[in-house]
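Notes follow the structure.
Residue numbers (my numbering): 562 to 1560.
Dropping the structure here:
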């Protein structure tokens, strides 16, 4: 018989399992459950859950701690195998509940039925349904949990209850129970004095009780309240009820429909011709700003939807402005002298006097409560700013909502950057990262039937939803299917979620598939070019027209910088922009100002949340700049400068490796991987740049960047590609830099590269390849002054002897390599040789030599102040204790090493740390836990692609530990424990959590 869970959130949180209460004492676990139940049957992302649990100050390892709370929740619920109803999904977690097991779902279903009955005129059926729904409430929702961490959840629940209460009162009024609801409504308007619908219902109830005078007095009361508290007039619904009362003919239907009515239009606002998709967060924010700020400017890249957002907001807030909303579209203006006249016409002025138009405008708006929308201000920004400032100083009741690719720069202006539409995740689901934040559809028509179902996760992405809805009109044959959904998701991502680009793509779907469009997207400006000359738009309906307009607004210097910035991939910092882009018409000292200008014009996006600002270009903007750069004939020049900058970045990281900034460099290199890959790819295609590419690849391997980022195979790929022989069988010259004048000669760089290639193969356990690469390294080393005894060769010989042959001779070779690296001033390489030497002593030496080597290594690691090195020093301490001391004493340093590696985000060290911890636990006799750890370590090796069998001392130690555990446990017990470890979601964290394991 399956387990039945029941959950209650309409009051204090309650859980029943098969009818019996389940007690969850831990506050964070209860909070986690509430957050999942608030979106039951939908995936709640990890980011959302972290925010729910800790707000703006999460702990350092929040994701790991969250996984711990999920496991504790499952234990508290006594979930069956598999974790149901709390399930793990790629981007978060979901709690699956049946329709009748969550009081919120029962409440929602009853309210829906009641409202349907009410709309059908069946108030007799509606009233008991709505009463039953409201009867499910046991008090304030989730009242036993901290409400500040449930922002958006608890207020939404309150709002649903009030909506249901309004509907129930509508039903009672329809049944002639006006006298019965009057006392209730009196209390409700006192408790919610700014909720207009309660006032409208009270006015109707008073009227039906023959108290028309009191009903009209209620309207005067609420009008004064709204003016005093919010500075707004009553809404359309309340005003309509008031007019009906004056005519002695109130209509209850109008009260119910007021809330669902489309936004009212005012003045000359254009009618919406297509559905409005997404933008829920931005709509709310602009509405809020217009209530507190007098000048609001919507900025953003061309085609991002600034105008559409402004018009929708203007229509929604129109009832709040006694003198209405006026729109001035400035796009057609090419002469700034006509600005004042255009605004005057938008305001409906017919001033025929000789006075300046600006004076007439000031006189008109001085005493008015008015919203003025100024659309497309970017090409007249200075003149618009001067006019807006004059109007704002003269007219306290005026609000200005402007759209511009550049801020106006006037005092009191509040700038809101309009983001792209939210994007689907990398796996094609709709709960992935978005450039914007948006709620659901706002005011749009019903979703077309040719789109996927409403619960399709891909349609949570605003960009996908827009594409599907627009395609319904322009390409009726288009369907979102299992075959094309990934192509559709990728198309929206590559179009940056830009509404204009997506709408143009939807038109193309009438003649080609999403897959075909992706194949041609590198020429997006031609692909998405469908001019419509009958329109009056300044740039026609083409993507290139929009970007051309932005380009024309830039200064000559800004255009040059835009073109040059297109060489970057993924983002860049100020130093990179100054170094790569300066020269030949752009002074280095001017780059910052030019970059700031591009940020102001919404060409460049900036993220200032870290210690240093990080700049990015949308792919559409980058591709435009690249085309312009090619037209200038400067692409090769910029690519060389770009690859040189990132070569020097890698070289600096290599020089500072194994020092206090070690982890900082690892994080920086991981951030810069897109640019490093671009530089490597360029160098690999040019014979005269191969040496620069090799320097990048060698130093990334030297700093253990590929190890730290868990991309070891990629490091080997670049080295093999750069060192591969050409069509004629000859290898390209490996020169340290473009001039070939670096201190280290060609043979030394080549030998170092071959040694790194062999080292990576060794770490992967790929012994045949490692031996081939080692032979190449020996051969190339003959050209060095030290010959085959050069430090890089000796290092690989020693590592090969230890890891592949299991030969104690590796100890002496590694010690020799250590001395050679030190003599050459290569401290980072010397440290690695010391680590492997200490490791070899632990595996093959006696207690005295192993402890001596460990002490040397630990001292070096502490002196270096390098955190990555310190974690390996703790691991080495545990290994020596395990093999030459007491197994119990090995546990603490091994766990400490794991914990510190997790803290710095190391993806490589834990592969070995978890395996070694399993050996130590097995040696203590805790064989059930050891089997679990062996399974978890196996999963980690599978994830990173490491073959343990190719690393002899590790493999032999593994077999010893496995044999000890299998001897202690029967086959079924071993298999069960091992499988639990191999299937654990977070083996690393659980390995450090004794309580979680034993629980």
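Glycine included, every Cβ here is placed at the ideal spot set by N, Cα and C.
Host beta strand (DSSP E) of residue 1447 (start-end): Residue 1447 sits at position 886 when you count from the first residue of the chain shown. Element bounds for residue 1447: n/a, residue is neither H nor E.
Selected residue, minimal CA-CA separation from residue 1142, among 1197, 1168, 1166: Working through the chain shown from its first residue, we reach residue 1142 at position 581. Checking every option, the nearest Cα to that of residue 1142 belongs to 1197.
Per DSSP, the bridge partner or partners of residue 578: Start at 1 with the first residue of the chain shown, and residue 578 comes out as number 17. The partner list for residue 578 (beta bridge, DSSP) reads 566, 581.
Exposed unless 16 or more other CB atoms sit within 10 angstroms - verdict on residue 949: Counting from 1 along the chain shown, the entry for residue 949 is found at position 388. Buried.
Check whether residue 1428 and residue 1224 have beta carbons under 7 Å apart: Reading the chain shown from its first residue, position 867 is the one you call residue 1428. Reading the chain shown from its first residue, position 663 is the one you call residue 1224. A contact, by the Cβ cut-off of 7 Å.
Proximity winner among 704, 765, 883, relative to residue 928 (alpha-carbon distances): Along the chain shown, one-based indexing puts residue 928 at 367. Cα-wise, what sits closest to residue 928 is 883.
Backbone CA spacing between residue 886 and residue 1070 [nearest angstrom]: As a position in the chain shown, residue 886 is number 325, starting the count at 1. As a position in the chain shown, residue 1070 is number 509, starting the count at 1. One C-alpha to the other measures close to 37 Å.
As assigned by DSSP and simplified to three states, the class of residue 983: As a first step, residue 983 must be located in the chain shown, where it is residue number 422. The answer is coil: DSSP assigns residue 983 none of H, G, I, E or B.
Closest residue to residue 1105 among 1124, 1085, 1123, 1408 (Cα-Cα distance): The residue labelled residue 1105 in the question sits at position 544 within the chain shown. Nearest of 1124, 1085, 1123, 1408 to residue 1105, Cα basis: 1085.
6 Å Cβ shell around residue 1268 - same chain, five flanking residues per side excluded: Walking along the chain shown from the start, residue 1268 turns up at place 707. Once the five neighbours on either side are set aside, the close Cβ partners of residue 1268 are 1469.
Beta carbon of residue 766 nearer than 7 Å to that of residue 742: The sequence position of residue 766 within the chain shown is 205, counting from 1. The sequence position of residue 742 within the chain shown is 181, counting from 1. The answer is yes: Cβ separation under 7 Å.
Coil, strand or helix - residue 1030 by DSSP: Within the chain shown, the letter at position 469 stands for residue 1030. It is helical.
Residue 1435, buried or exposed, once every other Cβ within 10 Å from all chains shown has been counted against 16: For the purposes of this step, residue 1435 is identified with residue 874 of the chain shown, where counting begins at 1. Answer is buried; the Cβ neighbour count reaches 16.
Reference residue 1523; option with closest CA among 731, 1040, 1491, 1550: Working through the chain shown from its first residue, we reach residue 1523 at position 962. The candidate whose alpha carbon is nearest that of residue 1523 is 1491.
Endpoints, beta strand (DSSP E) assigned at residue 856: Taking the first residue of the chain shown as position 1, residue 856 is located at position 295. Residues 856-860.
Alpha carbon of residue 1578 to alpha carbon of residue 1137, nearest angstrom: Look at the range of the chain in this structure, 562 to 1560, and you will see that residue 1578 is not part of it.
Cβ-based burial, residue 1192 [other Cβ within 10 Å; buried from 16]: Sequence index remark: in the chain shown, residue 1192 carries index 631 (1-based). It is exposed - the Cβ of residue 1192 has fewer than 16 other Cβ atoms within 10 Å.
Continuous alpha helix (DSSP H) assignments of at least 4 residues falling wholly in the stretch 726-766: 739-752
Sequence-distant residues of its chain with Cβ nearer than 8 Å to residue 813 (five each side left out): Here residue 813 refers to the residue found at position 252 of the chain shown. Its pLDDT being 45, under 50, residue 813 is placed unreliably in this model, and the coordinates cannot settle the point.
Cβ-Cβ separation, residue 1363 to residue 1401 (assumed contact under 8 Å), whole Å: Residue numbering aside, residue 1401 sits at position 840 when the chain shown is read from its first letter. Residue numbering aside, residue 1363 sits at position 802 when the chain shown is read from its first letter. 5 Å between Cβ atoms; contact.
The stretch 1497-1504 in contact with the stretch 1453-1466 per 3-pair CB rule at 8 Å: no
Residue 1236 burial status per 10 Å Cβ neighbour count (16 or more: buried): Here residue 1236 is taken as the residue at index 675 of the chain shown, counted from 1. Residue 1236 should be labelled buried.
Stretch pair the stretch 1155-1175 + the stretch 1214-1228: three plus CB contacts closer than 8 Å: no
Coil, strand or helix - residue 964 by DSSP: Sequence index remark: in the chain shown, residue 964 carries index 403 (1-based). Strand, per DSSP.
Stretch-stretch touch, CB-based, cutoff 8 Å, three pairs: the stretch 1335-1346 with the stretch 1369-1376: no
Length at least 4, wholly inside the stretch 1487-1511: the alpha helix (DSSP H) runs in chain order: 1488-1505
Short Cβ contact (7 Å threshold) for residue 1255 with residue 1283: In the chain shown, residue 1255 corresponds to position 694, counting from 1. In the chain shown, residue 1283 corresponds to position 722, counting from 1. It is a contact, given that the beta carbons lie within the stated cut-off.
For residue 932, the first and last residue of its enclosing beta strand (DSSP E): Here the question's residue 932 lines up with position 371 in the chain shown. Residue 932 -> beta strand (DSSP E) spans 931-936.
Minimum Cβ-Cβ distance from residue 1532 to chain D less than 7 Å: In summary, chain D is missing from the structure at hand, where a single protein chain is found.
For residue 1065, the three-state DSSP class (helix, strand or coil): Here residue 1065 is taken as the residue at index 504 of the chain shown, counted from 1. DSSP places residue 1065 in helix when its eight states are reduced to three.
Residue 672 in three-state terms, based on DSSP: On the chain shown, position 111 is the one that residue 672 refers to. In the structure shown, residue 672 sits in a helix (DSSP, three-state: H, G or I).
The stretch 565-575 / the stretch 657-664 touching (three or more Cβ pairs under 8 Å): yes
Any 3 or more C-beta pairs closer than 8 Å across the stretch 1145-1161 and the stretch 971-990: no
Residue 577 versus residue 680 - alpha carbon distance: Against the chain shown, residue 577 aligns to sequence position 16. Against the chain shown, residue 680 aligns to sequence position 119. Approximately 36 Å, taken between the alpha carbons.
N- and C-terminal bounds of the beta strand (DSSP E) containing residue 656: Numbered from 1 along the chain shown, position 95 holds the residue referred to as residue 656. Its beta strand (DSSP E) spans residues 653-656.
Integer-rounded CB distance, given that residue 634 should sit under 8 Å from residue 594: Counting from one through the chain shown, the residue named residue 594 turns up at place 33. Counting from one through the chain shown, the residue named residue 634 turns up at place 73. Confirmed, about 6 Å.
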